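There are 4 protein chains.
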Amino acid sequence: MIKVAINGYGTIGKRVADAVAAQPDMEVIGVSKTSVSAEAYIAKERGFPLYIADIEKRESFEKAGIPVAGDVEEMIKKADIVVDATPGGVGAKNRPIYELYKKKAIFQGGEDADVAEISFNAHANYKEAIGKQSARVVSCNTTGLVRVIHALDQAFGVEKVRAVMVRRGGDPNDIKRGPIDAIVLNPVTIPSHHGPDVRTVLPHINIVTLAMIVPTTFMHMHTVQADLKKETTRDAVLEVFRSHNRIGLVTKATKITSNAQLREYTQDLGRPRTDLWENGVFEDSVSVLDGKEFYCFQAIHQEADVIPENIDAIRALMGTVNDPDESIRMTNEALGFVAI
Amino acid sequence: MIKVAINGYGTIGKRVADAVAAQPDMEVIGVSKTSVSAEAYIAKERGFPLYIADIEKRESFEKAGIPVAGDVEEMIKKADIVVDATPGGVGAKNRPIYELYKKKAIFQGGEDADVAEISFNAHANYKEAIGKQSARVVSCNTTGLVRVIHALDQAFGVEKVRAVMVRRGGDPNDIKRGPIDAIVLNPVTIPSHHGPDVRTVLPHINIVTLAMIVPTTFMHMHTVQADLKKETTRDAVLEVFRSHNRIGLVTKATKITSNAQLREYTQDLGRPRTDLWENGVFEDSVSVLDGKEFYCFQAIHQEADVIPENIDAIRALMGTVNDPDESIRMTNEALGFVAI
Amino acid sequence: MIKVAINGYGTIGKRVADAVAAQPDMEVIGVSKTSVSAEAYIAKERGFPLYIADIEKRESFEKAGIPVAGDVEEMIKKADIVVDATPGGVGAKNRPIYELYKKKAIFQGGEDADVAEISFNAHANYKEAIGKQSARVVSCNTTGLVRVIHALDQAFGVEKVRAVMVRRGGDPNDIKRGPIDAIVLNPVTIPSHHGPDVRTVLPHINIVTLAMIVPTTFMHMHTVQADLKKETTRDAVLEVFRSHNRIGLVTKATKITSNAQLREYTQDLGRPRTDLWENGVFEDSVSVLDGKEFYCFQAIHQEADVIPENIDAIRALMGTVNDPDESIRMTNEALGFVAI
Amino acid sequence: MIKVAINGYGTIGKRVADAVAAQPDMEVIGVSKTSVSAEAYIAKERGFPLYIADIEKRESFEKAGIPVAGDVEEMIKKADIVVDATPGGVGAKNRPIYELYKKKAIFQGGEDADVAEISFNAHANYKEAIGKQSARVVSCNTTGLVRVIHALDQAFGVEKVRAVMVRRGGDPNDIKRGPIDAIVLNPVTIPSHHGPDVRTVLPHINIVTLAMIVPTTFMHMHTVQADLKKETTRDAVLEVFRSHNRIGLVTKATKITSNAQLREYTQDLGRPRTDLWENGVFEDSVSVLDGKEFYCFQAIHQEADVIPENIDAIRALMGTVNDPDESIRMTNEALGFVAI
Ligand SMILES: NC(=O)c1ccc[n+]([C@@H]2O[C@H](COP(=O)([O-])OP(=O)(O)OC[C@H]3O[C@@H](n4cnc5c(N)ncnc54)[C@H](O)[C@@H]3O)[C@@H](O)[C@H]2O)c1
Ligand SMILES: NC(=O)c1ccc[n+]([C@@H]2O[C@H](COP(=O)([O-])OP(=O)(O)OC[C@H]3O[C@@H](n4cnc5c(N)ncnc54)[C@H](O)[C@@H]3O)[C@@H](O)[C@H]2O)c1
Ligand SMILES: NC(=O)c1ccc[n+]([C@@H]2O[C@H](COP(=O)([O-])OP(=O)(O)OC[C@H]3O[C@@H](n4cnc5c(N)ncnc54)[C@H](O)[C@@H]3O)[C@@H](O)[C@H]2O)c1
Ligand SMILES: NC(=O)c1ccc[n+]([C@@H]2O[C@H](COP(=O)([O-])OP(=O)(O)OC[C@H]3O[C@@H](n4cnc5c(N)ncnc54)[C@H](O)[C@@H]3O)[C@@H](O)[C@H]2O)c1
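Protein chains in written order, with my numbering: chain Z, 46 to 385; chain A, 46 to 385; chain H, 46 to 385; chain B, 46 to 385.
Rendered as structure tokens:
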């Protein structure tokens with residue numbers, strides 16, 4: 046059993062914890078919080094030992110009926126590997142302590158690429174990560190792009206990618222961030238930084254990305270356009286997507302035309318936390334014009350798509366499974382995850 | 046086993062179906078849809094026999110891989126009782142067919158009060174509904190008001206109620222309805238129709254309600270002010286709420302101050318479809334000024350609070366359980382529902 | 046003086062009326078409404094003779110203190126030309142009456158292209174419209190696309206255009222339409238109908254468009270990508286835009302990065318109804334990659350950009366001004382409109 | 046001519062500047078900004094001398110084509126009175142410099158009451174402010190409440206007020222603040238701080254307020270309930286409101302039922318920046334139940350209602366006009382402001 050600590054039990058951390066707990070070869074030895082909140086009660090409810098960043102706050106947790114197992118340092122010492130899911134930028138500050146205790150560490154997409162030895166995506170570069178000391182699971186948007194670009198590249202070769210990312214303003218439980226009634230260019234300049242981020246995993250891909258932020262909470266929406274190297278057909282592309290176990294197709298018969306309805310669907314399916322772990326590619330949008338010009342819309346659930354990638358990254362760094370497909374299959378199976 | 050048909054498998058109907066399926070004394074003998082959609086796939090996935098309103102559409106369902114059990118009339122014939130969860134106003138049109146086949150029927154709050162023999166809330170008037178041929182489960186807002194007013198009335202006597210309802214614009218999966226950036230008075234006139242609707246269940250209550258609609262999807266928010274007959278204290282009121290099994294208290298320690306965060310909490314708790322079946326009363330808001338003037342904020346999950354009421358209404362009409370508390374306990378237990 | 050009637054005094058109609066009234070060579074001989082509303086008071090306040098669709102409603106207008114000049118037919122008879130700004134699809138139904146009285150007519154983008162003899166944009170095809178009996182001013186989105194594509198095409202030649210339109214859900218005063226919290230693909234299929242609509246004005250342009258709808262009210266946002274025929278530079282493109290009198294550049298120094306802030310700026314500038322009549326191209330976004338690959342973001346104020354085009358269309362159909370530049374200059378000057 | 050400096054040329058400051066410039070007895074001797082932005086260009090466009098907080102930034106302004114008149118201290122020295130419209134809390138930090146130069150100062154509602162000698166509302170306590178050295182114009186919400194409560198109190202006597210404030214999340218040009226899809230209790234506790242703030246102007250009023258924040262940008266919406274001392278009628282209350290020159294009635298005939306449509310109306314009326322300077326009381330909502338229980342809905346334009354109050358506060362502090370009605374009349378007239 047791989048002993049996993051999750052440092053930062055928030056939007057990403059709480060999902061990683063449940064996903065780890067579901068795996069046959071891993072266990073959660075602790076999760077961490079900075080202050081009392083609803084999520085601390087959830088940690089207790091799940092039975093995860095709760096460690097806290099500032100041990101002086103122990104009393105405030107105990108008053109609220111939440112037992113404290115110790116401070117974050119103690120948690121790290123007990124772990125084989127730490128998944129750092131603290132807010133963007135905090136991970137880099139935490140790195141020295143993981144190094145001090147010689148613990149393997151996985152960082153999230155809010156960190157710069159140089160926080161870790163490798164930027165990771167299970168389908169694209171699992172093998173390169175095997176045995177490494179640290180990895181960064183690329184951001185939700187980058188993960189979504191990498192999955193589809195890598196799949197196209199393997200099948201047809203990708204000459205050039207142009208993607209427009211229409212991003213959610215804040216996560217559903219975020220009551221501070223807007224915008225309320227605006228489309229915000231973020232950044233105004235073209236290209237955005239997402240292209241270079243894709244290249245941390247797929248260095249040979251020629252890609253231009255544009256990004257904006259809109260008032261929605263449930264998922265990002267991408268338009269992906271790719272010039273393919275080989276001529277192909279819409280059906281051939283759909284076949285590639287259908288056979289990919291982290292790309293789902295939103296079919297016409299569902300009448301789903303938005304992130305909101307797609308979330309309702311995953312909710313109805315009983316997915317934990319309504320998570321859409323896969324790319325939600327809209328089947329009707331998949332187009333190949335003039336034989337080589339690919340287009341599609343895809344919904345990317347920012348809170349969810351990186352979760353299975355974190356699990357695979359754990360196995361890759363620990364070196365317990367050397368076949369990417371084997372790890373991906375194990376992860377999906379333990380989650381009860383079959384792409385829609 | 047009570048044989049239950051659910052006519053209209055949408056936002057309310059799909060939840061009622063799952064809740065019925067969870068009860069030890071009931072079974073879902075069929076659900077109905079008008080056309081192919083994501084929800085039709087969910088019915089199939091759950092194993093509910095699917096009946097369709099217009100049998101001419103059978104082919105379109107079967108092409109989409111969804112088996113059709115027959116038309117709605119056949120479903121009704123097989124049932125002991127029908128839960129009508131069709132859109133507001135359609136229930137009244139369906140009534141003659143339930144009468145034709147002498148089936149008991151439960152309608153929803155989108156219908157006028159005269160659609161059924163009684164307007165129903167489990168805690169308030171279960172006994173009066175026993176053995177009746179039809180009942181209307183009052184709307185989400187009215188259910189939320191009735192629960193808290195009835196509890197206060199039982200404990201302290203209620204002289205007068207003033208409530209302001211800040212309503213969600215549309216359900217989360219509704220992509221048509223707004224507003225996008227507006228507060229809409231609905232109606233502009235004061236009082237709104239919600240007061241009279243409360244009186245269909247609690248006829249003796251003096252109540253003035255005001256209502257508006259805002260751009261949110263997750264829950265309504267109510268401010269409830271009541272002049273009490275007996276002097277009391279904040280603690281005594283909290284005790285009444287704590288001992289009520291369909292009123293939950295959102296505590297300060299959770300740091301939840303909004304519908305959005307409350308929904309995240311029910312989602313983290315693993316509630317099916319993130320449902321908040323109970324009233325979400327904010328503990329910190331519960332106030333008693335000058336001994337008799339009660340105030341609170343409560344969140345009402347429009348999609349969920351009426352679900353357990355539908356289950357109790359089934360037992361009341363069927364006359365299988367005569368003690369309201371017994372039915373409420375059975376319903377909650379089968380749902381795994383313990384108020385937060 | 047050209048006698049102009051405006052049939053349909055709503056979002057577009059009321060703006061056209063004010064713009065006509067500001068021109069030295071035109072006068073508003075009447076505007077029309079179907080029922081009493083805030084806009085009827087505005088017509089009165091502006092001193093525009095108000096005609097009504099259904100003369101039976103005369104009393105309801107007069108009770109509300111709004112004098113009625115007659116019915117729509119009378120208005121049409123008095124006019125030289127009618128600007129039809131009724132809701133999409135109603136224009137086509139109104140066409141026979143314009144023909145009956147042999148009146149020239151201008152329709153809006155909510156109508157199909159075949160409603161009129163020509164689809165119109167002042168910079169692109171004014172001359173072809175001269176003397177015609179009817180014209181359709183293309184939609185807000187199409188007008189925005191045509192301006193920038195035509196300018197690029199004139200200067201550098203355009204090989205291919207790919208545009209993604211992120212559309213506002215409803216106009217600011219629309220309290221019915223959503224979505225509240227969703228990104229809606231509209232349509233899901235690729236390409237959208239906007240490309241063909243551009244080709245009603247610029248038939249030789251190879252263009253693929255994608256469209257979605259988001260919860261904002263103020264403006265659409267476009268990403269425009271064009272493969273140019275001639276090599277060029279960012280500066281050369283900026284120069285083309287700067288010298289275009291219906292394209293404005295949103296400079297970096299303003300710190301404007303969104304439709305919301307751009308609207309605040311036009312409001313601060315004292316523009317009537319805060320109208321952004323020009324394309325709002327974000328200067329920082331203007332990019333030329335590899336010499337021939339153009340990119341930019343542009344904000345398109347749906348309520349406003351078609352207004353000056355309607356004015357020019359009046360002159361073209363009436364044949365009073367034969368030089369497009371002369372008409373455009375007259376229109377802009379009378380509006381006090383200098384592109385930002 | 047009263048020489049007025051406006052320190053902080055943002056949402057409130059830019060409106061105060063235009064309002065001052067419109068008065069016959071005042072002039073704007075300068076406005077201040079901290080950094081280059083769209084508003085700096087507006088100051089230039091209006092011809093207001095621009096002073097900057099940090100004179101080291103002079104070059105960045107000049108590079109952007111915006112002349113700098115000097116630093117804030119120089120501006121203050123030239124003024125008879127300073128209107129401080131810096132962000133909440135900054136005013137208190139600025140106070141010592143106004144004192145140093147013995148300048149009268151007006152602060153905004155984002156400051157604590159003790160920032161100034163008096164909390165001000167023109168109709169309620171103009172006379173008490175005459176000749177004072179400093180005043181705080183109470184916040185947008187408090188101004189809106191004070192106007193209507195004071196008017197009712199003068200006419201009928203007010204026993205008790207209960208008000209629920211449904212507040213806009215951010216101003217229209219604010220792209221950072223949310224919420225996107227939430228109703229946020231702010232605060233969760235009851236009563237909110239708005240009641241005590243009303244009492245800084247009307248100390249004898251018994252008032253309980255509740256407040257929440259919703260995803261809208263245009264205006265706050267209040268429900269006001271008051272127990273009156275004298276019996277009265279709806280018509281008598283409407284008469285009081287009609288004769289009040291800073292309360293407007295939104296009539297039924299306009300079909301306006303929301304803040305969004307009300308804003309469209311002020312925009313159509315040509316109000317500068319679409320400002321609703323008055324309380325927008327919905328005529329249909331005005332109710333008197335049982336002779337003494339008053340109810341209404343009112344829309345409060347957060348950016349605008351305090352503007353005329355600032356102008357009156359200038360005259361009161363300067364002591365140039367001793368009759369409140371005279372100042373209010375002068376202010377309104379110069380603005381071309383007749384309540385709707
Ligand atoms: N939310 C998303 O949509 C999303 C998607 C992909 C990647 N990410 C990335 O995942 C990371 C986490 O983001 P999130 O959205 O889960 O953030 P979050 O704010 O929801 O959760 C962060 C958690 O870390 C805890 N924390 C903060 N400081 C800490 C410290 N010093 N030590 C220990 N714990 C601390 C907080 O209490 C909180 O529980 C970021 O790098 C982010 O960029 C987020
Ligand atoms: N959604 C809520 O928030 C909410 C809350 C409380 C009560 N209600 C009430 O519950 C009822 C149902 O509302 P909903 O939100 O679930 O609606 P919905 O639109 O989500 O679902 C209605 C379902 O009925 C089906 N249907 C439509 N016409 C039909 C017909 N003639 N025969 C059979 N099926 C038909 C539709 O296919 C759909 O699946 C309404 O009375 C509503 O007022 C809704
Ligand atoms: N609103 C936009 O963003 C926008 C942008 C570009 C083009 N358009 C197009 O402009 C046209 C008008 O749109 P709008 O947004 O101004 O609509 P609107 O609903 O705001 O206004 C339409 C007006 O027409 C009146 N009307 C309705 N039926 C009528 C009839 N039979 N006879 C006379 N008057 C009638 C209504 O009272 C209303 O005042 C449509 O074709 C639309 O597609 C709209
Ligand atoms: N916006 C509203 O809805 C509203 C309504 C009523 C009252 N108020 C109050 O008015 C005040 C101003 O609010 P606002 O919304 O106009 O803020 P804002 O942020 O729009 O404008 C503040 C301006 O002050 C400038 N500024 C910041 N620090 C400064 C400093 N140290 N010296 C000089 N200038 C400085 C900024 O550049 C900006 O232009 C606050 O007290 C606020 O609470 C605001």
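We treat Cβ as the ideally placed atom computed from N, Cα and C, and that holds for glycine. It should be emphasised that the depicted structure is a prediction, and the values quoted were computed from it without experimental measurement.
Contact set for residue i: own chain, Cβ-Cβ below 8 Å, skip 5 residues either direction
| i | result |
| --- | --- |
| residue 224 of chain A | 214, 258, 259, 260 |
| residue 312 of chain B | 319 |
| residue 121 of chain H | 50, 52, 127, 142, 143, 146, 148 |
Test: residue i CB closer than 8 Å to a CB of chain Z
| i | result |
| --- | --- |
| residue 340 of chain H | yes |
| residue 228 of chain H | yes |
| residue 310 of chain A | yes |
Cβ-heavy atom distance, residue i to ligand 2, below 7 Å
| i | result |
| --- | --- |
| residue 299 of chain B | no |
Where residue i sits in the DSSP three-state scheme
| i | result |
| --- | --- |
| residue 124 of chain Z | coil |
| residue 187 of chain B | helix |
| residue 136 of chain Z | helix |
| residue 93 of chain B | coil |
| residue 50 of chain A | strand |
| residue 256 of chain A | strand |
Heavy atom of ligand 3 within 7 Å of residue i beta-carbon
| i | result |
| --- | --- |
| residue 132 of chain H | yes |
| residue 328 of chain Z | no |
Ligand 1 heavy atom lying under 7 Å from the CB of residue i
| i | result |
| --- | --- |
| residue 159 of chain Z | no |
| residue 98 of chain Z | yes |
| residue 170 of chain Z | no |
Span of the beta strand (DSSP E) around residue i
| i | result |
| --- | --- |
| residue 342 of chain Z | 338-345 |
| residue 212 of chain Z | 203-213 |
| residue 151 of chain B | 149-152 |
| residue 181 of chain H | 179-182 |
Close-in-space but distant-in-sequence residues of the same chain around residue i (CB under 7 Å, 5 per side omitted)
| i | result |
| --- | --- |
| residue 357 of chain H | 167, 171, 372, 373, 376 |
| residue 191 of chain Z | 166, 169, 183, 243, 246, 247 |
Chain-order list of residues whose beta-carbon lies under 6 Å from that of residue i (same chain, five-residue window excluded)
| i | result |
| --- | --- |
| residue 3 of chain B | In the structure as shown, chain B begins at 46 and stops at 385. Residue 3 of chain B is therefore absent and cannot be evaluated. |
Any chain A beta carbon closer than 8 Å to residue i
| i | result |
| --- | --- |
| residue 15 of chain B | No answer is possible for residue 15 of chain B: the residues shown for chain B start at 46 and end at 385. |
Within-8 Å CB hit, residue i to chain B
| i | result |
| --- | --- |
| residue 59 of chain H | yes |
Delimiting residues of the alpha helix (DSSP H) encompassing residue i
| i | result |
| --- | --- |
| residue 371 of chain H | 369-380 |
| residue 357 of chain B | 351-363 |
Distance cut-off 7 Å: residue i Cβ against heavy atoms of ligand 4
| i | result |
| --- | --- |
| residue 57 of chain B | yes |
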